[in-house]
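> Before I ask anything, here is the structure I am working with.
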Amino acid sequence: LFVINKTDLAPHVGADLEVMKQDTARMRPDTDRRPWVMTNLKTLDGVADVVRFIEKRGMLA
Numbered sequence: 001l002f003v004i005n006k007t008d009l010a011p012h013v014g015a016d017l018e019v020m021k022q023d024t025a026r027m028r029p030d031t032d033r034r035p036w037v038m039t040n041l042k043t044l045d046g047v048a049d050v051v052r053f054i055e056k057r058g059m060l061a
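Residue numbers for the sequence shown, in the numbering used here: 1 to 61.
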């Protein structure tokens, strides 16, 4: 699982989240084998996706 965290900081460092999404989707098109998620763990945005991945792939569910 490729986690792009701290998305809330992107505007403060000149990063464009839409460009990051497009680049990641282009480089990792097979989301079944190479999943990715954008998160802001401070506000819990995206945490459910990370937990779901751990439960499924870590065989914890």
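Virtual Cβ for every residue (Gly too), placed ideally from N, Cα, C.
Grouping DSSP H, G and I as helix and E and B as strand, with all else coil, what is M38?
Correct three-state label for M38: strand.
> For D49, collect the residues of the same chain with a Cβ closer than 8 Å to its Cβ; drop the 5 residues on either side in sequence, then sort them by chain order.
V37 and T39, listed in sequence order.
> Between K21, I4, G14 and K56, which has its C-alpha nearest R32's C-alpha?
A quick correction: the sequence has Asp, not Arg, at residue 32. Selected option, being the one with the closest Cα: K56.
> Between P35 and L60, is the Cβ-Cβ spacing less than 7 Å?
Not in contact: P35 and L60 (Cβ atoms no closer than 7 Å).
> Using the C-alpha atoms, what's the distance from T24 back to T43?
Roughly 22 Å between the two C-alpha positions.
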